[in-house]
Structures are given as structure tokens and as C-alpha cells.
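Colleague:
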Amino acid sequence: MADRVDPQTRSRVMASVRSTNTSPEMAVRRAIHAAGFRYRLHAKDLPGKPDLVFPRFRIALFVHGCFWHWHGCTHSRMPATRQEYWIPKIARNTERDREAQAKLTALGWECRVVWECDLPAGTATFIADLQARRHPSAPESHPPQ
131 MADRVDPQTR SRVMASVRST NTSPEMAVRR AIHAAGFRYR LHAKDLPGKP
181 DLVFPRFRIA LFVHGCFWHW HGCTHSRMPA TRQEYWIPKI ARNTERDREA
231 QAKLTALGWE CRVVWECDLP AGTATFIADL QARRHPSAPE SHPPQ
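Right under this line is the structure:
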């Protein structure tokens, strides 16, 4: 199937695809900030440039789009056209993700991913985890007998 637009238009459209400050990333950032947590953005000194970094907890958070990072959900359907381009492109993206996470783990970082298709629930789970780490529960005290 031929592309529906001319090469110049396709180039302009593809160039406008963001890698940082995407809508899903901004939604996660707003929710985490509203919960009172602060973070570093797009840490260039860490493998994979995590979207959000929580140095205090040594957590690197990636906000992944289901298509670009191939989650396997309904949002990550392979395009019908130019599969000779898309299959290696997406395979390399997922390989790069695994490599970055392995390097971060080796450096003592915990890697977490919030997927675009699971944004509200994934973000809420992540925030709950941060809150538990910020205020670890005190050991149970037993009343004197």
C-alpha cells in the first residue's frame, strides 16, 4: 500500500513526533508532582535517559508509549505499510529499552515503567509505592501484657 501523503509531508509529520514531554509523560509528571514528589527530568547522565528520576529512592521511571516501545496491547498494532521499516525499528527500540534497564540495574537503580495504555492505574500504583517508601510503616508494637 502506498503512503497517502508526499515524502515532504511524511518527513514533517515524523519530525514532529516527540521523544520528551509527550502527553502521557506530562500526565504522569502532573500526578506525581501533585502528590508532593519531586524528580529530575530526562537524566542524560543515566543510561536510557529515564523520563523521571527519583535520586532519593534510586528509581528511574520510564513512561512508554505502547506503539513505540511495543507493549503488546491493542495500542501496539504493527502498521500495515512499510513493515520492512517498522519491524526492525520497533525491535531496536525494545532492545535499547532492555539494555538501558540492565545498565541502570547494574548501577543500583530500580527501573519502573508506566505504560501509556495503563496511565491512570499505573501512575496511581507508582505514587502509592513512593508514598510507602517515603513513610515506611513503623514496626508493629505489641501492647504489654
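Be aware that the sequence shown starts at 131, since it is given in my numbering, and climbs by one per residue. Glycine residues also receive a C-beta, built at the ideal position from the N, C-alpha and C atoms.
1. Exposed or buried, which one is residue 209 when buried takes at least 16 other CB atoms within 10 Å?
2. Are the segment 256 to 266 and the segment 215 to 226 touching by the rule of at least three beta carbon pairs closer than 8 Å?
3. Based on DSSP bridge pairs, tell me the residues matched to residue 194.
4. State the start and end residues of the unbroken beta strand (DSSP E) segment that holds residue 182.
5. Under 8 Å between the Cβ atoms of residue 183 and residue 249?
6. Are residue 137 and residue 195 touching if we call contact CB-CB under 8 Å?
7. With DSSP as the reference, please indicate the residues paired to residue 240 in a beta bridge.
8. Within 10 Å of its beta-carbon, does residue 181 have 16 or more other beta-carbons around it, so buried, or fewer, so exposed?
9. Going along the chain, which residues of its own chain have a beta-carbon closer than 8 Å to the beta-carbon of residue 238, five neighbours each way excluded?
10. Grab the span of the alpha helix (DSSP H) containing residue 285 for me, first residue to last.
11. Just tell me which of 226, 246, 197 and 203 has its CA closest to the CA of residue 156.
12. How about residue 224 and residue 200: do their beta carbons lie closer than 8 Å?
13. Please confirm whether residue 191 and residue 228 have their CB atoms less than 8 Å apart.
14. Among all the DSSP beta bridges, which residues are the ones paired with residue 171?
Modeller: Let me spell this out:
1. exposed
2. no
3. 245
4. 182 to 184
5. Contact flag unset, no.
6. no
7. The partner list for residue 240 (beta bridge, DSSP) reads 189.
8. Under this definition residue 181 is a buried residue.
9. 188
10. Nothing can be reported for residue 285, as the shown portion of the chain is limited to 131 through 275.
11. 246
12. yes
13. Between residue 191 and residue 228, the C-beta gap is not smaller than 8 Å, which leaves the two residues out of contact.
14. Residue pairing by DSSP places residue 171 opposite 182 in a beta bridge.
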